[in-house]
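Chemist: Note that numbering that gives the first Met the number 0 gives residue 56 to position 57 of the sequence shown, counting from 1, and the numbers run on in steps of one.
Note that CB positions come from ideal geometry on N, CA and C, so glycine has one too.
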Amino acid sequence: MKTSIAFALAIAHVAHAIHAPKTSLVAPAARATAPVISPRGGETAGLAKRLEVGAFFAGWYALNVYYNILNKRVLKALPLPWLIGWAQLAVGALYAMTCWATGLRAGPA
């Protein structure tokens, strides 16, 4: 029950952030004279960005559901949560270090 309430609040927050009017740090006089040039063009750029964010959110949610189901199956087969957690951490760290060492990703500054 608490999870569904938290999820509904998160959805409402994201929806509000998408539809909330954007404030600008530019002075009103400068805003009136400076033309806004969008590389994609006007309203379609805003819609495309919203759809892109929505697609990333939906993809994250679907992959998170799959990950949780997979973890539940693993924990039923091997009820050692600390071992599984450490193994996942070790695999993730090895993956990150390999990407940094080969130059596929920039390392932390």
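1) If Leu74 and Pro80 are in contact, beta carbons under 8 Å, what's the gap, nearest whole angstrom?
2) Does DSSP classify Ala105 as helix, strand or coil?
3) Less than 7 Å between the beta carbons of Trp99 and Gly91, yes or no?
4) Quick one: grab the DSSP three-state call for Leu77.
5) Beta-carbon within less than 6 Å of Ala86's beta-carbon, same chain only, minus the 5 sequence neighbours each way: which residues are those?
Modeler: Short version:
1) Taking the sequence shown and counting its residues from 1, one reaches residue 74 at position 75. Taking the sequence shown and counting its residues from 1, one reaches residue 80 at position 81. Yes, they are in contact, since the Cβ atoms of Leu74 and Pro80 sit about 6 Å apart, within 8 Å.
2) Translated into the one-based positions of the sequence shown, residue 105 becomes position 106. Looking at Ala105 - three-state DSSP - the assignment turns out to be coil, as it is neither helix nor strand.
3) The residue you call residue 99 lines up with position 100 of the sequence shown. The residue you call residue 91 lines up with position 92 of the sequence shown. Result no, Cβ atoms of Trp99 and Gly91 do not sit closer than 7 Å.
4) Here residue 77 refers to the residue found at position 78 when the sequence shown is read from its first residue. The answer is coil: DSSP assigns Leu77 none of H, G, I, E or B.
5) The count along the sequence shown starts at 1 and reaches residue 86 at position 87. Nothing listed; no residue qualifies.
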